[in-house]
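For the sequence shown, the positions run 541 to 658 when my numbering is used.
Note that beta-carbon positions come from the ideal geometry of N, C-alpha and C, so glycine has one too.
Since this is a predicted model, take the numbers as computed values, not measurements.
This report concerns only the one structure given below.
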Amino acid sequence: MKHPVVWFEINGTDGEALHGYYGELFGWKIDAANPMKYGMVEAEKGQGIPGGIGQKGTRFNPGVTFYVSTTSIDETLAKAKKLGGEILQPRTVLPGGTILGFFQDPDGNAIGLVEEQG
Numbered sequence: 541m542k543h544p545v546v547w548f549e550i551n552g553t554d555g556e557a558l559h560g561y562y563g564e565l566f567g568w569k570i571d572a573a574n575p576m577k578y579g580m581v582e583a584e585k586g587q588g589i590p591g592g593i594g595q596k597g598t599r600f601n602p603g604v605t606f607y608v609s610t611t612s613i614d615e616t617l618a619k620a621k622k623l624g625g626e627i628l629q630p631r632t633v634l635p636g637g638t639i640l641g642f643f644q645d646p647d648g649n650a651i652g653l654v655e656e657q658g
């Protein structure tokens, strides 16, 4: 599949409570030992994709976001806008080197992008 889904994110009003909820519900291993207390969900080898569970920020309402791999976030955001979407966050390099961007589709769904590296 070209441009596979590579990450998911569940955000809510109480991220720590959601860690417990999804950990208990699905037996997910969730590691929130980081300064942001962002719950990293580990995927078993060959069993789905990794993801995260956290506190909603100012960027989006509580909900689920999935992230799609792309070779160029700038080009993908431009195409999303041309097709009727809206850019929510331009290409951004995070500490550690992960490169993200976000757009909203014409129906209001927020979609994340992860730029392929190397």
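CA-to-CA, the gap between Ile627 and Leu565 works out to about 34 Å. When the five nearest sequence neighbours on each side are left out, the beta carbons in the same chain lying within less than 7 Å of the beta carbon of Ile593 are those of Ile550, Gly555, Leu558, His559, Tyr562, Ile570, Gly579, Val581, in order along the chain. If you look at Thr616, you'll find it in the alpha helix (DSSP H) that goes 613–622.
Residue pairing of Glu584 in beta bridges, as defined by DSSP: Gln587. Within 10 angstroms of the beta-carbon of Gly652 lie 16 or more other beta-carbons, which makes it buried. Leu634 carries a coil assignment under DSSP once its states are collapsed to helix, strand and coil.
Residue nearest to Thr638 within the set Val654, Asp645, Gly625, Asp647 is Val654 (criterion: CA-CA distance). Separation of the CB atoms of Pro602 and Gly648 is rounded to 14 Å, and the pair is thereby denied contact status at 8 Å. DSSP lists Met580 as the bridge partner or partners of Asp571.
Of the other Cβ atoms in all chains shown, 16 or more fall within 10 Å of the Cβ of Leu617; this residue is therefore buried.
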